[in-house]
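Using my numbering, you'd call the opening residue of the sequence shown number 60 and step up by one each time. Yeah, the Cβ is synthetic: ideal placement off N, Cα and C, and Gly gets one too. Below is one structure; the comments refer to it alone.
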Amino acid sequence: MEAMPQERSAFIAIVGRPNVGKSSVLNKFIGQKIAIVSKKPQTTRTRIMGVLTQGEDQLVFLDTPGLMKPKTSLGDYMMKSVTTTVDGVDACLLVTEAGAPLSKADEELIRRFQKGKIPAVLAINKIDLLEDKSLIMEQIAQYSALYDFQAVVPVSARDGNGMEDLLGELKKLCMPGGHLFPEDTLTDQPERVIAGEIVREKVLRLLDKEVPHGVAAVTERMKDRDGILDIDVTIYCEKSGHKGILIGKGGAMLKKIGTNARQDMERFFDCKVNLQLWVKVKEDWRQRPETLQSLGFSEKDLEM
């Protein structure tokens with residue numbers, strides 16, 4: 060009698076310093092954008108779960124903010140998100156940038172691997188941007204001297220080079236015990252959160268230098284109307300001067316943000332979207348735990 064296939068699964072935290080491409084790696088695995096991406100560090104603010112089910116194997120990825128020294132209450136929240144996630148998973152995927160020197164953040168993460176005896180795979184990302192490929196071998200030797208990684212895989216999340224090999228190594232970390240989520244699950248992010256994050260991504264991309272990280276986007280309303288999804292999002296900024304920049308002359312910038320966000324929303328939600336945007340000022344909101352709670356950050360996670 061032929062044995063039935065045995066379902067296996069693993070919780071894997073994607074960790075690393077800011078701007079190394081952790082969210083890009085997650086999106087490439089899942090096959091669509093569930094985590095926003097920009098050139099600015101610390102784009103990811105909360106733990107984002109992505110689920111990939113292929114045959115017997117189910118990988119539950121937890122994308123985390125980039126590890127760095129916090130400067131605000133929001134920063135404290137983000138760093139706590141990283142440490143609590145690492146302590147509660149089956150394995151970690153450490154993402155670093157090809158050719159970049161070993162950072163203090165990477166050393167701190169490796170110490171956590173050692174302390175918890177956590178299996179880890181190293182992904183050296185952005186190899187497509189590195190001209191001197193010999194630097195990769197030096198990087199592999201440097202990291203391997205610090206920790207016994209299950210595997211080290213050079214990849215490019217942008218063009219997909221090496222990603223299948225990386226996925227194969229991560230599948231080896233799966234353990235018997237069944238799948239944890241239905242096969243069609245992609246993420247734990249509520250649709251309202253995804254809509255708000257899409258808007259925030261467009262702000263970060265279109266106003267990369269003009270407006271710093273003091274921006275949040277909150278979905279106030281989401282309602283289906285005869286096949287059209289009405290979505291209202293409020294963009295919060297910290298200064299009145301930033302509000303003017305976000306709106307732009309004659310509302311031109313806000314219109315551009317809305318157009319780009321709506322296009323992404325229609326691809327994700329697979330329907331027509333009527334998007335309305337507003338801009339409001341909340342001074343120093345990143346320093347105020349009560350304001351962070353009102354913007355959707357967990358009260359429990361904000362307790363320090």
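If you draw a straight line from the Cα of Glu-197 to the Cα of Leu-189, it is about 13 Å long.
Straight through space, the alpha carbons of Arg-321 and Ala-275 are spaced by roughly 17 Å.
Relative to the Cα of Asp-149, the nearest Cα in the group Phe-70, Asp-218, Ile-199 belongs to Phe-70. Beta bridge pairing from DSSP links Met-234 with Ser-68.
Separation of Ser-193 and Gly-114 (C-alpha to C-alpha, rounded to the nearest whole angstrom) is 37 Å. Annotation note: the stretch 306-334 contains the following uninterrupted alpha helix (DSSP H) runs of length 4 or greater, listed N- to C-terminal: 311-328. With a threshold of 16 other beta carbon atoms within 10 Å, Asn-220 falls short and is exposed. Shown here, Phe-172 sits in a helix according to DSSP, grouped into three states. Secondary structure note for Val-110: its beta strand (DSSP E) is the uninterrupted segment 107-113.
CA-to-CA, the gap between Arg-259 and Gly-90 works out to about 21 Å. Within the DSSP bridge table, the entry for Asp-122 names Ile-73, Ile-107 as partners. Taking the Cα positions, His-301 is about 21 Å away from Ala-254.
Just measuring C-alpha positions, the residue of Asp-267, Ile-287, Gly-286, Val-262 sitting nearest Val-277 is Val-262. DSSP places Leu-153 in no alpha helix (DSSP H) but in the uninterrupted beta strand (DSSP E) bounded by 150-156. By a beta-carbon distance limit of 8 Å, Val-84 contacts Ala-216. Their separation comes to about 5 Å.
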